[in-house]
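Enquirer: Quick one: the structure is below, questions incoming.
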Amino acid sequence: MTPAAGPTAFGRRDFLKLSAGSAALLGAGAFTAGLAGCAKHEAPAAGYAFLRAGDAALFTAIAPVVLADSLPQAGRAEHLQQLLKAIDGTGARLQAPTQKMLYQLFDLLNTGLTRRLAAGVSKPWAEAEPAQIEAFLKRWCNSSIGLFNGGYRALSKLVVGNWIALPEGLKTVGYPGPWAPMYSALNS
Amino acid sequence: MAINDIYTDGIASGWDVRDASTFTAPTTLEADIVIVGTGAGGGTSAEILANAGFKVLLIEEGPLKTSASFKDMNEARAYAELYQEGSGRTTSDGAITVLQGRSVGGTTTVNWTSSFRTPPETLKHWAEAHGVKGWSVDEAKPWFDERSERLGIAPWGVPPNANNAVLQKGCEKLGWEWHVIPRNVRGCWNSGYCGFGCPVNAKQSMLVATIPAALAKGATLVHHLSVRKLQITGDQVTGLEAVALDAACNQPSGVSVSVRAKHVVLAGGAINNPALLLRSGAPDPHGRVGKRTCIHPVVFTYALMPERVDGWYGAPQSVASDHFQWSGQFDFAPGFKMEVPPVYPALIAALFGRSGQELSQNIAQMPQFNVMLALMRDGFHEDSPGGEVRIDEAGNPVLDYEVSDYLFRGFKNALLRMAEAQFAGGASQVMAAHLDASWSPSWSEAKSQIENLAYKKFKLALGTAHIMGGCAMGEDAKQAVVNSEGSHHQLRNLSIIDGSLFPTSIGANPQLSIYALAARNATRLAQRLKPAAA
Ligand SMILES: Cc1cc2nc3c(=O)[nH]c(=O)nc-3n(C[C@H](O)[C@H](O)[C@H](O)COP(=O)(O)OP(=O)(O)OC[C@H]3O[C@@H](n4cnc5c(N)ncnc54)[C@H](O)[C@@H]3O)c2cc1C
Ligand code: SF4
């Protein structure tokens, strides 16, 4: 691990402690809810099939930071709502083993102690500062610990993959739209 | 312009197509031969067995989606409706993205139309190392010829799109082997939307080619129906237990369906076939089911080109290079095939692995992206035995796939060669799909960066669209699940006919390897079973 890629928001000693413990974390089934000490069987939030209330809050907080300018300022609240619905749909279509893996990740990030320790975010997601969230994403991306890299990939893939598949997201990557000669021939 | 929807017309003419989500009471279905799965293996078998006079029942857990629902040319709709787990399937540790199809036509409905014959080296290796009989280069050739004819397979006659052209130009400059990819298309518009379902029925997928032919011969197709278990008595499969799925094709509807047939063909593909055998407690005296699941693990590099590429348009794959496939130090690292993926916006953005301004500024340049990929030839060396399919407590399939140092060395080789090809092909900047990588403005800088990356899971973006094996064929029952013609070693009336048969990966995109082997196996099966009607 290069120092530059190391932790910033929480102390290096904490991080090392966690690094040493991360082998145990991995061994115990990665992001086990047991370790995170949190309820396993919470139901999805109202209107959702997969995301629980805490998971929705997590994505509401991180999505604007993950997407930056790919999430237009105008109409942001509505876009976020669409994105959450899309992430929820993606989660709902997964089979149980993949769902379980994601829930373990979400549990880790939604339990005060592990959120502080593993993500370095001291406040609940709804109150977290964008700068803190950015630091958390960078740390998990740059970490030399596979567990964090994997968590980062899972979160960012859910956000980016679902957003860029939506009409407003598609515009931000310069996609001119379905190939016009075919699209107009078939849809006129 | 209206494109005739094959199924709307066919059903109107009397085809027997049923949607199990509409079933309201438990049902029993009967047939001479039941085929579980409607992809490359199942679709091919269905046409041949129906033509031979058998009463064929095709079962598919995914929905029936046809050209009429593909005309929106929409990526989100495709991933949600046409892929296993809504395209979110991964290996058990989450490190490798697994793309597989799940609708009538299986993965052939969404694949990218590249159609390669099994390389001779692979066929020889199977005969020598895996006890496969009767499938030598000469024995297989007529079946490749016949399937190529049936599915309109020919080298793509139109110049490659700009994304594929980078690979061609790079190879030409470097003096590397490259070839034009044969595609299974008829009347292709060169649009590029093969991955979302071809909206004009040009792709000769099973959805378009063989399943309609089987239905016209009197076969029955039931979709939204998931087979959960084989009922086994002694050395016979006596029936299948299946559950109807709800209209969204997500949850069981609560209606159960039993199936009786004299012969059962499993064609649910790798991962799902072994899981079904494991759930059923099928005899497996040597513990072979699910073993040697090979995946052609894929790594990627991005290039920024000086001009627009628009890699979302045009035949997705038309150029490939085998320069590093069959010559190299294979005791050190595997060979690989180089290709490009289509630049489908959500797929490529999700793969990109960045966040914040770094993400948004980069993906805003997607019109200028060229993306390259390398498929590792796994399963050919003892340090690359493939993964293993197992089931969880509820019987859901889980794929464990360990990435060995042997494979990591292959990934490094491939990233280097792809970056080199991209610069030779005119790229201004190149970057490996790795969390620690950054754009390099020259081949020498890219080289030193790629050499020094950490070769680890999650750091590297890893994916697979080719799941193979897990029900390996071979004459030795201690090594293989079925014999060389796909007959189960322990169960008399069970055949397996699809990509799960392969004892190693192919070393090329696998669909034509499946079509040819399935055509041979289904033909032999028909000869063995001889219907009264024939
Ligand atoms: C995006 C993408 C692009 C690709 N591009 C190419 C390409 O260009 N060239 C190439 O050669 N290959 C390509 N492939 C791979 C190729 O299409 C597959 O390897 C091939 O289709 C596999 O055939 P199969 O018969 O083994 O299984 P599949 O085609 O996957 O079919 C299996 C079917 O069985 C169904 N099923 C499974 N279990 C059950 C059950 N229990 N009950 C009921 N139904 C069940 C599944 O839903 C599925 O529809 C691509 C794959 C992907 C994902
Ligand atoms: S490129 Fe050809 S085969 Fe693919 S979607 Fe377009 S018309 Fe269909």
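Taken in order, these protein sequences are the chains called E and B.
Under our numbering, the first residue of the first sequence is numbered 1494, with each subsequent residue one higher.
Under our numbering, the first residue of the second sequence is numbered 10, with each subsequent residue one higher.
The beta-carbon is built from N, C-alpha and C at its ideal position, and this holds for glycine as well.
Is E/Asn1642 close to chain B, meaning its C-beta is less than 7 angstroms from at least one C-beta of that chain?
Expert: Numbered from 1 along the first sequence, position 149 holds the residue referred to as residue 1642 of chain E. Yes, because at least one Cβ of chain B sits closer than 7 angstroms to the Cβ of E/Asn1642.
Enquirer: Would you tell me roughly how many angstroms separate the C-alpha atoms of B/Glu186 and B/Pro351, rounded to the nearest one?
Expert: Taking the first residue of the second sequence as 1, we reach residue 186 of chain B at position 177. Taking the first residue of the second sequence as 1, we reach residue 351 of chain B at position 342. Cα-Cα distance, rounded: 21 angstroms.
Enquirer: Residues of the segment 1583-1617 of chain E in Cβ contact with chain B at a cutoff of 7 angstroms, in chain order, please.
Expert: Cβ contacts with chain B: Thr1583, Ala1585, Arg1586, Leu1587, Gln1588, Ala1589, Pro1590, Thr1591, Met1594.
Enquirer: Using CA coordinates, which residue listed in B/Asn530, B/Ala535, B/Ala525, B/Ala531 is at the minimum distance from B/Glu158?
Expert: Taking the first residue of the second sequence as 1, we reach residue 158 of chain B at position 149. Nearest of B/Asn530, B/Ala535, B/Ala525, B/Ala531 to B/Glu158, Cα basis: B/Ala525.
Enquirer: Measure from the alpha carbon of E/Leu1595 to the alpha carbon of each residue in E/Leu1679, E/Pro1660, E/Ala1647, then state which is nearest.
Expert: On the first sequence, residue 1595 of chain E is found 102 positions in, with the first residue counted as 1. Nearest of E/Leu1679, E/Pro1660, E/Ala1647 to E/Leu1595, Cα basis: E/Ala1647.
Enquirer: Would you say the beta carbon of B/Pro519 comes nearer than 6 angstroms to a heavy atom of ligand 1?
Expert: Start at 1 with the first residue of the second sequence, and residue 519 of chain B comes out as number 510. Under cutoff, so the answer is yes.
Enquirer: Over what stretch of residues does the alpha helix (DSSP H) that includes B/Ser393 continue unbroken?
Expert: The sequence position of residue 393 of chain B within the second sequence is 384, counting from 1. Looking at the DSSP string, B/Ser393 is not in any alpha helix (DSSP H), and its letter there is neither H nor E.
Enquirer: Compute the Euclidean distance between the alpha carbons of B/Gly483 and B/Lys142, then round it to the nearest angstrom.
Expert: Counted from its first residue, the second sequence places residue 483 of chain B at position 474. Counted from its first residue, the second sequence places residue 142 of chain B at position 133. Whole-angstrom Cα-Cα distance: 7 angstroms.
Enquirer: Within the continuous alpha helix (DSSP H) that includes B/Leu425, where are the two ends?
Expert: Translated into the one-based positions of the second sequence, residue 425 of chain B becomes position 416. Per DSSP, B/Leu425 belongs to the alpha helix (DSSP H) from 414-433.
Enquirer: Please compile the residues from chain E whose C-beta is within a distance smaller than 9 angstroms of the C-beta of B/Tyr322.
Expert: In the second sequence, residue 322 of chain B corresponds to position 313, counting from 1. Chain E residues near B/Tyr322: Pro1669, Trp1672.
Enquirer: Check B/Pro261 in the structure and name its three-state DSSP category.
Expert: Residue numbering aside, residue 261 of chain B sits at position 252 when the second sequence is read from its first letter. It is a strand residue.
Enquirer: Give a single yes or no on whether B/Ala324 has its beta carbon closer than 6 angstroms to a heavy atom of ligand 2.
Expert: Taking the second sequence and counting its residues from 1, the one referred to as residue 324 of chain B is at position 315. It does: the Cβ of B/Ala324 is within 6 angstroms (strictly closer) of some heavy atom of ligand 2.
Enquirer: Where do the ends of the alpha helix (DSSP H) carrying B/Arg533 lie?
Expert: By 1-based counting over the second sequence, the position of residue 533 of chain B is 524. Here the alpha helix (DSSP H) through B/Arg533 covers 520-538.
Enquirer: Does the Cβ of B/Ser22 have 16 or more other Cβ atoms within 10 Å, making it buried, or fewer, making it exposed?
Expert: Start at 1 with the first residue of the second sequence, and residue 22 of chain B comes out as number 13. The residue is exposed, with fewer than 16 neighbouring Cβ atoms inside 10 Å.
Enquirer: Quick one: list the residues of chain B neighbouring E/Ile1580, beta-carbon separation under 9 angstroms, in chain order.
Expert: Taking the first residue of the first sequence as 1, we reach residue 1580 of chain E at position 87. Within chain B, no residue comes near E/Ile1580; the closest Cβ sits about 10 angstroms away, beyond 9 angstroms.
Enquirer: When DSSP labels each residue in this structure, what does B/Leu239 get in the three-state scheme?
Expert: In the second sequence, residue 239 of chain B corresponds to position 230, counting from 1. If DSSP states are grouped into helix, strand and coil, B/Leu239 belongs with the strands.
Enquirer: Give me the subset of the segment 74-86 of chain B whose CB atoms are less than 8 angstroms from a CB atom of chain E, sorted by chain position.
Expert: Answer set for the segment 74-86 of chain B: Lys80, Asp81, Met82, Asn83, Glu84, Ala85.
Enquirer: Which same chain residues, not among the five before or five after B/Cys180, have their C-beta less than 6 angstroms away from its C-beta?
Expert: On the second sequence, position 171 is the one that residue 180 of chain B refers to. Excluding residues within five positions, the ones whose Cβ falls inside 6 angstroms are Trp187, Ser330.
Enquirer: Compute the minimum distance between the beta carbon of B/Gly103 and the heavy atoms of ligand 1, and state whether it is under 6 angstroms.
Expert: Numbered from its first residue, the second sequence carries residue 103 of chain B at position 94. No, ligand 1 has no heavy atom inside 6 angstroms of this Cβ.
Enquirer: What residues in its chain sit with their C-beta under 7 angstroms from that of B/Ser54, if we drop five residues either side in the sequence?
Expert: Taking the second sequence and counting its residues from 1, the one referred to as residue 54 of chain B is at position 45. Within the same chain, B/Ser54 has close Cβ partners Ile44, Val274, Ala276, Ile506, Ala527, Ala531.
Enquirer: Would you decide whether B/Asp147 is buried or exposed? Buried here means 16 or more other CB atoms lie within 10 Å of its CB.
Expert: Locating residue 147 of chain B in the second sequence gives position 138, counting from the first residue. Counting Cβ neighbours within 10 Å, B/Asp147 comes out exposed, since fewer than 16 surround it.
Enquirer: Taking Cβ positions only, does E/Glu1622 come closer than 7 angstroms to chain B?
Expert: Against the first sequence, residue 1622 of chain E aligns to sequence position 129. Output row for E/Glu1622: interface = no.
Enquirer: Using three-state DSSP, classify B/Ile400 as helix, strand or coil.
Expert: By one-based count along the second sequence, residue 400 of chain B stands at place 391. Strand at B/Ile400.
Enquirer: Step through the CB atoms of chain B and report whether any lies within less than 7 angstroms of the CB of E/Ser1649.
Expert: Here the question's residue 1649 of chain E lines up with position 156 in the first sequence. Yes, because at least one Cβ of chain B sits closer than 7 angstroms to the Cβ of E/Ser1649.
Enquirer: So does B/Glu155 have its beta carbon nearer than 6 angstroms to some heavy atom of ligand 1?
Expert: Reading the second sequence from its first residue, position 146 is the one you call residue 155 of chain B. The answer is no for B/Glu155.
Enquirer: With DSSP as the reference, label E/Ala1529 as helix, strand or coil.
Expert: As a first step, residue 1529 of chain E is located in the first sequence; it is residue number 36 there, counting from the start. With a pLDDT of 42 at E/Ala1529, under the threshold of 50, the modelled position of that residue is not reliable, and no figure is offered here.
Enquirer: Just how far apart, CA to CA, sit B/Leu67 and B/Gln177?
Expert: Position 58 of the second sequence, counted from the first residue, corresponds to residue 67 of chain B. Position 168 of the second sequence, counted from the first residue, corresponds to residue 177 of chain B. Roughly 41 angstroms separates the two Cα atoms.
Enquirer: Do B/Ile105 and B/Leu471 count as a contact pair if the criterion is CB distance below 7 angstroms?
Expert: As a position in the second sequence, residue 471 of chain B is number 462, starting the count at 1. As a position in the second sequence, residue 105 of chain B is number 96, starting the count at 1. A contact, by the Cβ cut-off of 7 angstroms.
Enquirer: Report whether the distance from the Cβ of B/Lys212 to the nearest heavy atom of ligand 2 is below 6 angstroms.
Expert: In the second sequence, the residue the question calls residue 212 of chain B occupies position 203. Within the cutoff, so yes.
Enquirer: When Cβ atoms are compared, which residues of the segment 1545-1557 of chain E fall closer than 7 angstroms to chain B?
Expert: So the list is empty, because no residue satisfies the distance condition.
Enquirer: Since B/Arg98 meets chain E, which of its residues come closer than 9 angstroms, beta carbon to beta carbon?
Expert: If you number the second sequence from 1, residue 98 of chain B lands on position 89. Going along chain E in sequence order, the residues near B/Arg98 (Cβ under 9 angstroms) are Leu1587, Gln1588, Thr1591.
Enquirer: Can you find the residues in the same chain that come closer than 6 angstroms, C-beta to C-beta, to B/Gly434, ignoring five residues on each side of it along the sequence?
Expert: As a working mapping, residue 434 of chain B is identified with position 425 in the second sequence. Taken in chain order, the residues that qualify are Val175, Lys178, Gly179.
Enquirer: What distance in whole Å lies between the Cβ atoms of B/Leu216 and B/Leu224, which are believed to be in contact at a cut-off of 8 angstroms?
Expert: As a working note, residue 224 of chain B is residue 215 in the second sequence. As a working note, residue 216 of chain B is residue 207 in the second sequence. In fact, because the Cβ distance is near 11 angstroms, the residues do not count as touching under 8 angstroms.
Enquirer: Using a Cβ-Cβ cut-off of less than 7 angstroms, give me the residues of the segment 103-121 of chain B that come near chain E, in sequence order.
Expert: The residues in question are Gly103, Ala104.
Enquirer: Just mark B/Glu56 as buried or exposed, buried being the case when its beta carbon has 16 or more other beta carbons within 10 Å.
Expert: Against the second sequence, residue 56 of chain B aligns to sequence position 47. Under this definition B/Glu56 is a buried residue.
Enquirer: Output needed for B/Ala163: all residues of its chain with C-beta closer than 8 angstroms, excluding positions within five of it in sequence on either side, in chain order.
Expert: Counting from one through the second sequence, the residue named residue 163 of chain B turns up at place 154. Once the five neighbours on either side are set aside, the close Cβ partners of B/Ala163 are Ser157, Pro191, Arg192.
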